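Peer 1: Heads up: the sequence lines are chains H and L, in that order. Count the first sequence with this note's numbering and you get residues 1 to 349, in order. Count the second sequence with this note's numbering and you get residues 1001 to 1349, in order. Starting off with a structure, shown below.
2 protein chains.
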Amino acid sequence: MKSQDNNHKVTSLQDIAKKLGVSVTLVSLVLNGKAKQSRISDKIAEKVLLMAKELNYRPNQLARGLRTGKTNTIAFIMADISNIFFARMARVVEDEAEKYGYKVMFGSSDENPVKLERMLNMFLERKVEGFIISPTLGSLKLIRQLKEKNIPFVLIDRFFRNLDTNYVVVDNFDASYKAVSHLTKFGYKKIGTLSIFPELTQMNDRLNGYKDALSDAGIRFENKYVGKVDFENFRESVYENVRKLLMPPYNIRALYFQTCIMGIVGLECIREMKFRVPLDVAVVSFDDPAEYKLFETPVTAIKQPIDEIGLKAVNILVDELKSKSSGLQKVVLPTRFMVRRSCGNLRYG
Amino acid sequence: MKSQDNNHKVTSLQDIAKKLGVSVTLVSLVLNGKAKQSRISDKIAEKVLLMAKELNYRPNQLARGLRTGKTNTIAFIMADISNIFFARMARVVEDEAEKYGYKVMFGSSDENPVKLERMLNMFLERKVEGFIISPTLGSLKLIRQLKEKNIPFVLIDRFFRNLDTNYVVVDNFDASYKAVSHLTKFGYKKIGTLSIFPELTQMNDRLNGYKDALSDAGIRFENKYVGKVDFENFRESVYENVRKLLMPPYNIRALYFQTCIMGIVGLECIREMKFRVPLDVAVVSFDDPAEYKLFETPVTAIKQPIDEIGLKAVNILVDELKSKSSGLQKVVLPTRFMVRRSCGNLRYG
DNA sequence: ATTTTAAACTAAATCGATTAAATTACTCTG
DNA sequence: CAGAGTAATTTAATCGATTTAGTTTAAAAT
Chain H
1 MKSQDNNHKV
11 TSLQDIAKKL
21 GVSVTLVSLV
31 LNGKAKQSRI
41 SDKIAEKVLL
51 MAKELNYRPN
61 QLARGLRTGK
71 TNTIAFIMAD
81 ISNIFFARMA
91 RVVEDEAEKY
101 GYKVMFGSSD
111 ENPVKLERML
121 NMFLERKVEG
131 FIISPTLGSL
141 KLIRQLKEKN
151 IPFVLIDRFF
161 RNLDTNYVVV
171 DNFDASYKAV
181 SHLTKFGYKK
191 IGTLSIFPEL
201 TQMNDRLNGY
211 KDALSDAGIR
221 FENKYVGKVD
231 FENFRESVYE
241 NVRKLLMPPY
251 NIRALYFQTC
261 IMGIVGLECI
271 REMKFRVPLD
281 VAVVSFDDPA
291 EYKLFETPVT
301 AIKQPIDEIG
311 LKAVNILVDE
321 LKSKSSGLQK
331 VVLPTRFMVR
341 RSCGNLRYG
Chain L
1001 MKSQDNNHKV
1011 TSLQDIAKKL
1021 GVSVTLVSLV
1031 LNGKAKQSRI
1041 SDKIAEKVLL
1051 MAKELNYRPN
1061 QLARGLRTGK
1071 TNTIAFIMAD
1081 ISNIFFARMA
1091 RVVEDEAEKY
1101 GYKVMFGSSD
1111 ENPVKLERML
1121 NMFLERKVEG
1131 FIISPTLGSL
1141 KLIRQLKEKN
1151 IPFVLIDRFF
1161 RNLDTNYVVV
1171 DNFDASYKAV
1181 SHLTKFGYKK
1191 IGTLSIFPEL
1201 TQMNDRLNGY
1211 KDALSDAGIR
1221 FENKYVGKVD
1231 FENFRESVYE
1241 NVRKLLMPPY
1251 NIRALYFQTC
1261 IMGIVGLECI
1271 REMKFRVPLD
1281 VAVVSFDDPA
1291 EYKLFETPVT
1301 AIKQPIDEIG
1311 LKAVNILVDE
1321 LKSKSSGLQK
1331 VVLPTRFMVR
1341 RSCGNLRYG
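Next up, the structure:
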């Protein structure tokens, strides 16, 4: 005998109503806790509750959402969920949103505005109520439209200077300035850096922090010391740039990685080149993944408050969804500079 | 003037129908590409398409799902999306599912069957069509129920020996056996290991692989050399176990970490204890995170085919959803043993 | 001229909830 | 005892799609 589709039909309000010989309305009211205010007799209310349990009733959220216009769902669109920074944040967002009764749907845009648009639309079709977004390059128009449609959203990690929105970011300029100043205080004069997507606000801020730190240390900025990494061809590009900076004619002996994904690959390259950290190259990096503590020479790094970013983003969004919001919220969180040993052991004033 | 709610009402089929003076049915048929088979005149069909584009029509997927019973959505419940293993797999699953037109919803169970049940129910209320699940300890009953309800699902990472289901796992026994044999071939007689959740099938297999490798090398298994890590108190527990094994009276000089999350913390502990790898301790580990390549002494490790697991899981699930499936599929994928330098440089037979 | 047939389109039911408004059956009040 | 008031419940509309079963009109066949 083959497996007939034991179609264990899912229980609906109707099923309960029929079994008890009452109306669907009554059942709905009871199960939504409105028995008292609708003056439904305790006897019947109890029966309904019992039957619902017995039949293992679970509301169909599609139907409910269609009727009420509320899905209790938000979407989190990030660059790439397999990136540890976002993965960690995804987890925080998931947990925090749950506290307020929201389910989160995730999506990866791959820094591609076309994908981002597809995702936005797909999520809108599914009636999510709000978004947390790390906007890609070239997505200004999309985000502006979202705003015009009055759809609640919070930007994270990046934002647009010329668009008034909620956002939660870190103080990239400040962090970058401190990191590079750390190197200048060690006496390094030639400081190279690896950059990627310099058009993104946060990456631009990081570059400016680098420039200002140099300038304040009386060092002339040299464009050729800025390695521009190609996202499409990531790994090779990092290798190429690190090699170029460390080898003649540049012979750079201090490197600032503007993201950890570049840093991790870059350090691999440094290792392969048989350069020692910090003896042959001093290194600082934006972001502070678990890796950095484990290196032979633990890496001095800028730690972003990932959890706080996630928490804050959810809080702002939920405020707006429950219309407790009092205008747009712009949050700039501080970073922590984790001094380890990758720049040497010198102590400075 | 304050922001009045410019309620940019979303376009529905009705809106299009009214504008054109035709029926909703007709609009629906055209937009679903059934114009030809429903003998709708080209002229009107074209008008509909145009108007839909003009009004930027997007189908309400709640309504569609309610009516058709299809949501084109699957759920992926893992232990923890901030764990790099699952984060990476989440990404693969997201991309692969999209190829078949499915959207994925993610959830973290924290190895907690109560949470897992809540999630299952929540996803079922939202009418996901199938699941990919890494089942927690104590979830046999839940999974059995899922099976009885004829809801399509694929287990990953772990499965139940006494429950017939789809699954995609790796050959844990074999991988473990090879890793430990690697150590015995280096001449180590006392080999410690860190274990966690030994009741989970895959962890049990790893333990058995360890035992058999010892036995085949003529080494007696000592239960006291198996450190049992406590999940609740993770970090401290790893430290405590590593210390116990490396210090007198055990003085163990070879360690096998049964997961990378233990390995990473364990190596941190080893570093703090000023033990050198592999001079003072040889190390092998299950899992192969990016970290391991970057260590001062790159770690010899068992690399799981994360992408393949994700791909295969999606394929099996989609097969079943499109009812192309021919019975349950049980897939055991091979691992790759990445020999690096954490056991020393000796070359053996 | 009448019946068939085909083409082009529509009415209405349905999915499973929520909710405003209505109904029924009492009990009270003056 | 008519009319008001209230408690307990139901009717029916609605959300936005899909889909079955028609309907209408005109052309083709008899």
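Positions of the beta carbon are idealized from the N, C-alpha and C atoms, including for glycine. Because the structure is a prediction, the values reported are computed rather than measured.
(1) Rounded to whole angstroms, how far is the Cβ of P133 of chain H from the Cβ of I74 of chain H, which I believe are closer than 8 Å?
(2) Can you tell me whether V1339 of chain L is buried or exposed? The criterion is at least 16 other CB atoms within 10 Å of its CB, across all chains shown.
(3) Taking the alpha-carbon positions, what's the G1138 of chain L to N1166 of chain L distance?
(4) Kindly indicate which residue of L:S1108, L:L1194 and L:F1085 has the alpha-carbon position closest to the one of G1227 of chain L.
(5) Are the segment 315-328 of chain H and the segment 289-296 of chain H touching, with three or more C-beta to C-beta distances below 8 Å?
(6) Quick check on the DSSP output: the beta strand (DSSP E) that includes L122 of chain H runs from which residue to which?
(7) Go ahead and label G1101 of chain L buried or exposed: buried means 16 or more other beta carbons lie within 10 angstroms of its beta carbon, across all protein chains shown.
(8) Do the segment 54-61 of chain H and the segment 1050-1061 of chain L touch if we need at least three Cβ pairs shorter than 8 Å?
(9) Quick check: what's the CA-CA separation for A1045 of chain L versus V1010 of chain L?
(10) Could you tell me which chain L residues have their CB closer than 7 Å to the CB of D80 of chain H, listed as they occur along the chain?
(11) Give a yes or no on whether 8 Å exceeds the smallest Cβ distance from Q1329 of chain L to chain H.
(12) My understanding is that F337 of chain H touches A179 of chain H, with C-beta atoms under 8 Å, so please give their C-beta distance in whole angstroms.
(13) Which residues in chain H sit within 8 Å of L1066 of chain L, going by Cβ to Cβ distance?
(14) Quick one, are the C-beta atoms of K330 of chain H and R253 of chain H less than 8 Å apart?
(15) Contact defined as beta carbons within less than 8 Å: I believe A90 of chain H pairs with I1081 of chain L. What is the distance between those atoms, to the nearest angstrom?
(16) Quick one: what's got a C-beta closer than 6 Å to S1038 of chain L's C-beta in the same chain, skipping five residues either side?
(17) Taking Y1167 of chain L as part of the alpha helix (DSSP H), name the residues at either end of that continuous run.
(18) Please return the same chain residues whose Cβ sits closer than 8 Å to the Cβ of Q1145 of chain L, not counting the five positions on each side in sequence.
(19) Is the segment 244-259 of chain H in contact with the segment 1224-1238 of chain L, if contact means three or more CB pairs nearer than 8 Å?
(20) Would you kindly work out how many angstroms separate the C-alpha atoms of D1280 of chain L and L279 of chain H, rounded to a whole number?
(21) Can you tell me whether A1282 of chain L is helix, strand or coil according to DSSP?
(22) Flag this pair as yes or no: are the beta carbons of K34 of chain H and E129 of chain H separated by less than 8 Å?
(23) From the beta carbon of K103 of chain H, is the nearest beta carbon of chain L less than 8 Å away?
(24) Are the Cβ atoms of F286 of chain H and C260 of chain H separated by less than 8 Å?
(25) Within this structure, are the beta carbons of V238 of chain H and V277 of chain H separated by less than 8 Å?
(26) If I follow the unbroken alpha helix (DSSP H) through G263 of chain H, where does it start and stop?
(27) Within the present structure, is the beta-carbon of L255 of chain H separated from the nearest heavy atom of the ligand ADP by less than 7 Å?
(28) Where do the ends of the beta strand (DSSP E) carrying G1107 of chain L lie?
Peer 2: Working from what's here:
(1) First, the amino acid is wrong: residue 133 of chain H is Ile here, not Pro. Contact between I133 of chain H and I74 of chain H does not hold, since their C-beta atoms are separated by about 11 Å, which reaches or exceeds 8 Å.
(2) exposed
(3) 18 Å
(4) Cα-wise, what sits closest to G1227 of chain L is L:L1194.
(5) In short, these stretches do not touch, since the Cβ pair count stays below three.
(6) Here residue 122 of chain H turns out to be Met, not Leu, going by the sequence shown. It is not in any beta strand (DSSP E) - M122 of chain H instead sits in the alpha helix (DSSP H) that spans P113 to E125.
(7) exposed
(8) Contact fails: fewer than three Cβ-Cβ distances are below 8 Å.
(9) 21 Å
(10) R1091
(11) Contact with chain H is absent for Q1329 of chain L, since none of that chain's Cβ atoms lies less than 8 Å from the residue's Cβ.
(12) 7 Å
(13) N60, L62, A63 and L66
(14) With respect to the 8 Å criterion, K330 of chain H and R253 of chain H are not classified as neighbours on the basis of their beta carbons.
(15) 5 Å
(16) L1029
(17) Where Y1167 of chain L is concerned, there is no enclosing alpha helix (DSSP H), although the beta strand (DSSP E) it sits in stretches over N1166 to V1170.
(18) none
(19) Touching, no.
(20) 25 Å
(21) strand
(22) no
(23) yes
(24) yes
(25) no
(26) C260 to E272
(27) Because no ligand of any kind appears in the structure shown, any question about the ligand ADP cannot be addressed here.
(28) K1103 to S1108
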